[in-house]
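> Submitted below is the structure of interest, expressed as structure tokens.
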Amino acid sequence: KIPGNVAVFFPSYEFMNSVMNFISISRKEILVEKKNMKKEDRVELYKRLVAMANKRGCVLFGVQAGSLSEGIDYANNLLNGVIVVGLPLEIPSLEVKSLIEYYDFKFERGWDYGYIYPAMNRALQAAGRCIRSETDKGVIVLMDERFRWKNYRKCFPLDFEFIVTETPERYIEKFFGDSTM
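Numbering of the sequence shown is given in my numbering, commencing with residue 398 and proceeding in unit increments.
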């Protein structure tokens, strides 16, 4: 329902690949970020995205904290929408556990600083790809109930407008008007 280009960012390549097995998109070309993608391949993918922007558009699949969700500026309304699928929470490795312990000792907020904030930073970086200037217009769909939880929600900018719904397509159609038809 989103006109033009849309990016869908997942917490991991494994999750993205498993979901892609069930996706059928007939109206738009699909572009996929690959693990260990070379710079020239990313440039070609970006060029394809630009070429399709004024046509029927593309769906770009990538990962949060990947080069396509943080390292590229999608200027001039290149993306009309971003869908963030899940939170990119790290498996509590020894390093993450040490970070949590350190921040607990230092600020008594280890879980926030060592676990929640890094994940939310990655999710917000991905979400912000479609709004790069004051003239850009786009929708952000967050697909994880945890984004509503207090510990996660407090990470969003104060002007971030939340609409919690089971039917986002209704709001997307309203947002874009007749251009989705």
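From the three backbone atoms N, C-alpha and C, an ideal C-beta is built for every residue, glycine too.
1) Figure out for me which residue from R526, R545, R567 has the closest Cα to the Cα of G483.
2) Identify which residue in M417, S421, S423 has its Cα closest to the Cα of E430.
3) To the nearest angstrom, report how far apart L496 and G507 are at their CA atoms.
4) Entirely within the segment 477 to 557 and at least 4 residues each: give me those alpha helix (DSSP H) ranges in chain order.
5) Going by DSSP in three states, A404 sits in which element: helix, strand or coil?
6) On the three-state DSSP scale, how would you describe F412?
7) Report yes or no: do three or more beta-carbon pairs, one from the segment 464 to 474 and one from the segment 524 to 540, lie closer than 8 Å?
Answer, in terms of the structure:
1) R545
2) M417
3) 7 Å
4) 491 to 504, 514 to 524, 547 to 550
5) strand
6) helix
7) yes
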